[in-house]
Amino acid sequence: MTVRRDLDALARQGVLEKVHGGAVPVVEASTHEPGFEAKSGLELTAKEDIARAAAELVAPGSAIALSGGTTTYALAHQLLDVPDLTVVTNSVRVADVFHAAQRVSGQRQGAATVVLTGGVRTPSDSLVGPVADQAIASLHFDVLFLGVHGISVEAGLSTPNLAEAETNRRLVQSARRVVVVADHTKWGTVGLSSFAALEQVDTLVTDSGLVPEARGEVSEHLRRLVVAGEVGS
1 MTVRRDLDAL ARQGVLEKVH GGAVPVVEAS THEPGFEAKS GLELTAKEDI
51 ARAAAELVAP GSAIALSGGT TTYALAHQLL DVPDLTVVTN SVRVADVFHA
101 AQRVSGQRQG AATVVLTGGV RTPSDSLVGP VADQAIASLH FDVLFLGVHG
151 ISVEAGLSTP NLAEAETNRR LVQSARRVVV VADHTKWGTV GLSSFAALEQ
201 VDTLVTDSGL VPEARGEVSE HLRRLVVAGE VGS
């Protein structure tokens, strides 16, 4: 039967779990943390649009922080030509973007000074833990660009990784402005540990897939909502 074949296919993809008499959706565990490669191909167009919109918020000569994540990785590529930029990051992937550009072009006008915090490496290639936390504590950023596992009204910003939650708290505390870069699929997702309330976020940069109801909720709690590709957002 066609329905049975469809259910079998969805079960193999991990979308459904077959049970007696039918199937039920698979609910992702709050501690589940996909690796960087697994996430890098998801919502790729949205992430690139978000990265371009977020890059417009960066002024030459700024000191910024970029957390780990595939969206901040996309943002890093958009910042290579911003002059006199200082970048603090706990992401191995983000640091590699700037270091590779410097190796290729030598004395690039927009080359950034990159500070990698050190620490324990997570599945998403972020460096977290006491070493990273101590490094961040003495720093002060003009803007923090933060990738998140999940964002919701009740839980705020959350992650499945307890050590990453603490490191992200330190990043938020050290920033004058906090900009969350997250595609629409992150809305309503809740990880194991919350590390910031929505009221601590200045701006959310997202994509046009965020539904009107969610946009209304965001606008009630955040200072600014930027929807990539939409004029006047």
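1 is the number of the first residue of the sequence shown in UniProt numbering; add one for each residue after it.
Heads up, the beta-carbon is just placed ideally off N, CA and C, and yes, glycines get one too.
Note that the structure is predicted; figures quoted are calculated from it, not measured.
A contact is defined here as three or more CB-CB pairs under 8 Å, and the stretch 190–206 meets this definition with respect to the stretch 214–226. If you compare the alpha carbons of Phe98, Gly119, Ser126, Thr122 with that of Thr113, the shortest gap goes to Phe98.
Per DSSP, Thr72 is one residue of the alpha helix (DSSP H) stretching across 70–78.
Taking the CA atoms as reference points, Pro130 sits about 8 Å from Thr167. In the structure shown, Ser91 adopts extended strand secondary structure according to DSSP, grouped into three states.
In this structure the stretch 156–173 does not lie against the stretch 43–60, because fewer than three pairs of beta carbons, one per stretch, are closer than 8 Å.
As a beta-bridge residue in DSSP terms, Ile64 pairs with Val87, Val143. Taking C-beta atoms under 8 Å as the contact rule, Ala214 and Trp187 qualify, at a distance of about 5 Å.
Beta-bridge partners of Ala196 (DSSP): Leu157. For Gly229, the three-state secondary structure derived from DSSP is coil. Secondary structure note for Ala46: it is in no beta strand (DSSP E), and the uninterrupted alpha helix (DSSP H) holding it is 44–55. The alpha-carbon of Ala132 is positioned some 16 Å away from that of Arg93. Under the three-state reduction of DSSP output, Val128 falls in the strand class. Bounds of the beta strand (DSSP E) holding Ser152 are 150–152.
In this structure, the alpha-carbon of Ala95 lies about 15 Å from that of Val128. Distances from the CA of Ala76 to each of Pro123, Ala135, Gly147 were compared; the closest alpha carbon is that of Gly147. Comparing C-alpha distances from Gly119 to each of Asp81, Ala54, Leu79, Thr89 shows the shortest one belongs to Thr89.
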